[in-house]
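Take a look at the structure below.
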Amino acid sequence: MPPLSYYIKIIESKKFEKITIISQDRRNPCVSALLKIYPNIEFKLRSLDEDINIILSATNLVESYGTFTSYLLLFSKNIKNIYKPSYQVNTEKYFNKNQVNFIVSDLKKYHNMMGSSWKNSLYQRKLMLNYEMNLTLIKNIINTYKNKIIDDKK
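Dropping the structure here:
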């Protein structure tokens, strides 16, 4: 499962009209954290049919881990952008590259730190919530740039 910073980086990179989290439960600590950070995100437990309909109607989709959405998206007529971690199953060869963009985040180091299997350990949960993906560096650069513009206008 990707770190919280993976989702934040994607959300902050583009102004999405609507963000819906699809998950079978709230055990992933990123779900609660994202709902606190972004109160407009929609999350509720739905039936499998409802989840499939939402996935197939999406134009942008952020993958987490597993093969369900990766292969389900092969049936989508709407998908334009698929955001995925570098360790996710590679289905890119099955898509028309002129119609679907793959935005891959390099999370190999994170994946190695997490270990080979999910145990829901305290270490894994803390790593998931605190791993940075250079996000702090990006935010510092943006803030420095914004402050410079403000200072230049004085």
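Take the sequence shown: its position 24, counted from the start at 1, is 24 in the numbering used here, and no numbers get skipped.
We put the CB at the ideal spot given by N, CA and C, even for glycine.
Since this is a predicted model, take the numbers as computed values, not measurements.
Could you tell me which of Ile22, Lys93, Met128 and Asn98 sits nearest to Leu61, measuring between CA atoms?
Ile22
Just the Cα atoms here: how many angstroms apart are Ser57 and Lys77?
8 Å
Do you know whose CA, among Asn120, Phe75, Ile41 and Glu63, lies nearest Ser86's CA?
Glu63
Mind checking which residues open and close the beta strand (DSSP E) that includes Tyr110?
Where Tyr110 is concerned, there is no enclosing beta strand (DSSP E), although the alpha helix (DSSP H) it sits in stretches over Lys108 to Met114.
Opposite Val104 in the DSSP bridges: which residues?
Lys84
Element boundaries [beta strand (DSSP E), containing Asn60]:
Asn60 to Val62
Find the nearest neighbour of Tyr65 within the set Glu12, Asn101, Lys108 and Pro2, judged by alpha-carbon distance.
Pro2
Using only the alpha-carbon positions, how far apart do Tyr94 and Met113 sit?
30 Å
For Glu132, name the three-state secondary structure that DSSP assigns.
coil
Can you look up Glu17 in the DSSP assignment and give me helix, strand or coil?
If DSSP states are grouped into helix, strand and coil, Glu17 belongs with coil.
Any idea which residues DSSP pairs Phe95 with across the strands?
Paired residues: none, contrary to the question.
Alpha carbon to alpha carbon, what distance is there between Gln124 and Asp151?
Note that Asp151 scores a pLDDT of 43, beneath 50, so its modelled location is shaky; the value from the coordinates is reported in the next line. When rounded, the distance between both Cα atoms is 42 Å.
According to DSSP, what are the bridge partners of Phe43?
In DSSP, Phe43 forms a bridge with Ile21.
Asn28, buried or exposed, once every other Cβ within 10 Å from all chains shown has been counted against 16:
buried
Find out if the Cβ-Cβ distance for the pair Tyr110, Ile10 is shorter than 7 Å.
no
With a 10 Å radius around its C-beta and 16 neighbouring C-beta atoms as the bar for buried, classify Ile103 as buried or exposed.
exposed
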